[in-house]
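Colleague:
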Amino acid sequence: MEAMDINSIHDMLYALRDPAGLPFYPWAFFGVGILTWAMHFFAVALVLGGIAVALWGLHRNTPYWQRLAYAMANVSKIAVSAAIVLGVAPLLAVQVYYDPMWYTSNVLSAYWVIGFILILIVAYSAHYVFYFRNKENPQRARAIWSIIVAGAGYVLAGFIMHSLSYQTLSPEQWLNWYAPGGHIDNSGTRLHDFNLWRFGYWLALSVPITGAYMMAYATYWSTRRDQDHAWLDFVYQLGARWALWGSVMAAALLVAYFASLPEKLSAYRSSIWALLWLAATLLPGVIALRARNRAFRCGYRPVLGATLGMLLVAIGREMVRYYAIIPYYDFMDYKVNLDWFTTGVFGFTFLVLGASTLGYLLTVAWKAGKTEGVYQASDTMHLWGRFNLVLIIFWTLGYFGLMAIRTF
Ligand code: HEM
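In my numbering, the protein residues as written are 10 to 417.
As structure tokens, this is what we get:
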């Protein structure tokens, strides 16, 4: 089948746009997409890295490793729920500013999109099997198969996400995928495109992020006198090694990915964005190298570096798509149909309700963990808690009330 020319691809993509336009300016969705995807991947990295530490620790089977294995299997379990919640946000954003690309990619591989959910359910259930069978931290781990199934399921789910995302980069190939050799294949059973360097990079990136997390974890507990400091030191030093070598490994895979970019992306390769992405990948490693000898005194710096690095990685990643698609399509010229109502509800939910309630929960968890014995909340914390309850009631009544008024 003949390849489509630039003009036909341009017309196809613009025809696939939502004629209703966007309720707010496209750059805002682009920004929210990048920011929330960075948060999504930070959680994903802890899911994958936590399982890797757990499997390695169970294999090593010394008391320190064993203890760390159970702790990180738990961190990973909690990170899955964060990854899922934080995955929805970039999903909502990308399907707004790149709706023709995202929906086409999903329809072309529809079975995998649905399969993704089932795979995640099986993997998460297996993760809980491991948790329940090992809740008492036994000397010999039970049901190791379950954590292996969970890890394999997450990797597969990540691969599906990668492929769906990667397919959005090549609108010039869609017709060939939809009708190979001129024969329509609308089964949706195939993943048509992927790049193992890029996917390997995502897996590798979970190593430095988990390393930086372990350094912060050890630092956090180090202020408690009732904790085993030799064990925390072990976790800290291990975290530093993971952050350092992990970022080198991820950077090498990133360079290989850049080298594998097709001709149409050669301008990206020599752009500032590629450099930014590479530097961001190395950032947690560089900070960990400096923090390694200073023990717990600057143990939070690597995780802050990893957070900043993740945001820059997300920018570099999104700019690949920008370069790939700009010959045919510019999201910035999307029609805007300003809707202050929905934008206001979103802003309030995200910035006021979300920030206040999540901030409260995280502060309580932080303070409780820092307390030896039973944690007693201060008056200010009680006040904040009550304020959040009022906020949630106000939001629920306001949301449904306003929706009802707008519907009739
Ligand atoms: C443990 C499960 C998951 C893993 C391992 C995972 C992994 C990944 C990876 C590796 C990417 C980057 C792909 C690339 O750029 O090549 C990605 C992107 C993404 N993921 Fe996840 N993910 C998981 C769960 C989810 C869930 C549950 C959602 C949504 C509800 C989600 C939504 C997204 C979105 C929207 C993108 C970006 C798509 C784009 O910009 O084209 N992910 N994920």
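Note that the Cβ used here is the ideal one computed from N, Cα and C, for glycine as well. All figures in this text were calculated on a predicted structure; none of them were measured in a lab.
Find the nearest neighbour of residue 57 within the set 74, 83 and 32, judged by alpha-carbon distance.
Modeller: Minimum Cα distance to residue 57 is reached at 83.
Colleague: Return yes when at least one heavy atom of ligand 1 lies under 7 Å from the C-beta of residue 118, else no.
Modeller: Residue 118: no, Cβ never under 7 Å from ligand 1.
Colleague: Using only the heavy atoms of ligand 1, determine whether one of them is closer than 7 Å to the beta carbon of residue 100.
Modeller: Yes, since a heavy atom of ligand 1 falls inside the 7 Å radius drawn around the Cβ of residue 100.
Colleague: Work out the CA separation of residue 310 and residue 297 for me, nearest whole Å.
Modeller: Taking the straight line joining both Cα atoms gives about 8 Å.
Colleague: Helix, strand or coil for residue 383? Go by DSSP, reduced to three states.
Modeller: It is coil, neither helix nor strand.
Colleague: So, does the region 241 to 254 touch the region 324 to 341, judging by three or more C-beta pairs under 8 Å?
Modeller: No, they do not touch.
Colleague: Determine, using beta-carbon pairs with one atom in the region 125 to 136 and one in the region 63 to 78, whether at least three such pairs fall under 8 Å.
Modeller: No contact exists between the region 125 to 136 and the region 63 to 78.
Colleague: Any beta-carbon of chain B closer than 8 Å to the one on residue 59?
Modeller: Protein chains in the displayed structure number just one, and chain B is not present.
Colleague: Tell me which residues share the same chain as residue 299 and place their Cβ nearer than 7 Å to its Cβ, disregarding the 5 neighbours each side in the sequence.
Modeller: Excluding sequence neighbours, residue 299 sits near nothing in its chain.
Colleague: Which of helix, strand or coil does DSSP assign to residue 400?
Modeller: It is helical.
Colleague: DSSP has residue 411 in a bridge; who is on the other side?
Modeller: Its beta-bridge partners do not exist; DSSP assigns none.
Colleague: Using a threshold of 7 Å, is the CB atom of residue 57 nearer than that to any non-hydrogen atom of ligand 1?
Modeller: Yes, the beta carbon of residue 57 sits closer than 7 Å to at least one heavy atom of ligand 1.
Colleague: Quick one: measure Cβ to Cβ for residue 294 and residue 227, integer angstroms, because I've assumed they're closer than 8 Å.
Modeller: Contact doesn't hold; Cβ gap of about 17 Å is too wide.
Colleague: Can you tell me the Cα-Cα spacing of residue 180 and residue 18, whole angstroms?
Modeller: Straight-line Cα distance between these residues: approximately 7 Å.
Colleague: Please go through the same chain and pick out, in chain order, the residues whose beta-carbon is closer than 6 Å to the beta-carbon of residue 404, but skip the five residues on each side of it.
Modeller: Hits under 6 Å: 362.
Colleague: To which residues of the same chain is residue 248 closer than 6 Å at the C-beta, ignoring the five residues directly before and after it?
Modeller: Once the five neighbours on either side are set aside, the close Cβ partners of residue 248 are 220, 223 and 224.
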